[in-house]
Amino acid sequence: MACEFQKALVQSYLVHQLESKQDLCHHKGLLQTEALVHVD
1 MACEFQKALV
11 QSYLVHQLES
21 KQDLCHHKGL
31 LQTEALVHVD
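In UniProt numbering, the protein residues as written are 1 to 40.
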């Protein structure tokens, strides 16, 4: 449960960063989010 909750927080944080930036950092964040989503 704790790990899932922490993962949700990290994803929410990354999404917030993606929404606040429209540059290369935006694309880096997308790649990081994809990696987190596919990691079990």
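Backbone N, C-alpha and C fix where the C-beta goes; we use that ideal spot for every residue, glycine too.
Being a predicted model, the structure only gives us computed values, none of them experimental.
Query: Alpha carbon to alpha carbon, how far is GLU34 from GLN11?; Result: 10 Å
Query: Could you check the C-alpha separation between LYS28 and GLN17 for me, to the nearest Å?; Result: 11 Å
Query: Measuring only the C-alpha atoms, how far is GLN6 from LEU14?; Result: 12 Å
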